[in-house]
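With UniProt numbering applied, the sequence shown has no gaps in its numbers, which climb one by one up to 139 at the end.
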Amino acid sequence: MAEDEDDAAATETALELASGRLRLDKWLWYARFFKTRSLAAKLCAAGAVRIGGTPVTKAHHAVKPGDVLTFAQGRHIRIIKVLALAARRGPAPEARALYEDLSPPAPETAMPRSAERAPGSGRPTKADRRATERLRTES
Numbered sequence: 001m002a003e004d005e006d007d008a009a010a011t012e013t014a015l016e017l018a019s020g021r022l023r024l025d026k027w028l029w030y031a032r033f034f035k036t037r038s039l040a041a042k043l044c045a046a047g048a049v050r051i052g053g054t055p056v057t058k059a060h061h062a063v064k065p066g067d068v069l070t071f072a073q074g075r076h077i078r079i080i081k082v083l084a085l086a087a088r089r090g091p092a093p094e095a096r097a098l099y100e101d102l103s104p105p106a107p108e109t110a111m112p113r114s115a116e117r118a119p120g121s122g123r124p125t126k127a128d129r130r131a132t133e134r135l136r137t138e139s
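If you want it as structure tokens, here you go:
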């Protein structure tokens with residue numbers, strides 16, 4: 001029974017690829033933006049994905065090469081250009097070949113001077129802590 005379902009799913013994906021289009025939730029999952037296809041479908045259903053600037057509310061919306069997707073992932077806004085469609089969810093290098101990331105790089109946050117430590121200076125020893133405590137109590 002499970003083999004019949006797998007064959008049907010493979011046939012459906014093959015037909016989608018032959019037409020040059022693929023379901024949005026499948027593509028997001030194949031490209032490894034989401035751990036599960038249901039997470040990708042939930043994001044689509046929430047209207048949080050835009051294709052070419054137009055909000056999409058259906059997970060079955062067709063994606064084709066050349067489309068630009070915009071969606072939030074964690075704290076970052078991802079802007080992705082679809083380069084290719086896939087027949088399966090392959091390894092990460094294969095998934096990276098499916099898209100071009102147009103997102104601006106995340107701004108680097110400068111650490112305050114007090115948080116910086118000299119290289120190699122780890123946690124203070126017990127003797128260092130006692131010396132620091134002596135200095136504090138003398139003042």
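In this text, a Cβ means the ideal position worked out from N, Cα and C, and glycines have one as well.
The structure displayed is predicted, hence computed values, not measured ones.
Mind pulling the beta strand (DSSP E) runs of 3 or more residues that sit fully within the UniProt domain "RNA-binding S4" (22–84)?
Annotation: the UniProt domain "RNA-binding S4" (22–84) contains the following complete segments of the beta strand (DSSP E) (minimum length 3 residues), in chain order: 49–51, 54–56, 68–73, 76–82.
Specify whether the region 59–66 and the region 29–47 touch according to this definition: at least 3 beta carbon pairs, one from each stretch, less than 8 Å apart.
Under the 8 Å Cβ criterion, the region 59–66 counts as touching the region 29–47, having at least three qualifying pairs.
Under the three-state DSSP convention, the category E100 falls into:
Here the question's residue 100 lines up with position 100 in the sequence shown. Strand.
If you follow the alpha helix (DSSP H) that T132 is part of, which residue opens it and which one closes it?
Sequence index remark: in the sequence shown, residue 132 carries index 132 (1-based). Its alpha helix (DSSP H) spans residues 126–138.
Would you call the region 49–56 and the region 95–106 touching, i.e. three or more CB-CB distances under 8 Å?
Three or more Cβ pairs closer than 8 Å define a contact, and the region 49–56 falls short of that threshold against the region 95–106.
If we cut at 9 Å on Cβ distances, does A62 have a partner in chain B?
Absent from the structure is chain B; it holds one protein chain and no more.
Going by the beta-carbon positions, is the gap between A72 and Y30 smaller than 9 Å?
For the purposes of this step, residue 72 is taken as residue 72 along the sequence shown, with counting starting at 1. For the purposes of this step, residue 30 is taken as residue 30 along the sequence shown, with counting starting at 1. The answer is no: Cβ separation not under 9 Å.
Exposed or buried, A40, counting other C-beta atoms within 10 Å across all chains shown (16 or more means buried)?
The residue you call residue 40 lines up with position 40 of the sequence shown. Within a 10 Å sphere around the beta-carbon of A40 sit 16 or more other beta-carbons, which makes this residue buried.
If you compare alpha carbons, which of F34, K126, V63 is closest to V82?
One-based indexing of the sequence shown puts residue 82 at position 82. For the set F34, K126, V63, the Cα lying nearest the Cα of V82 is the one of V63.
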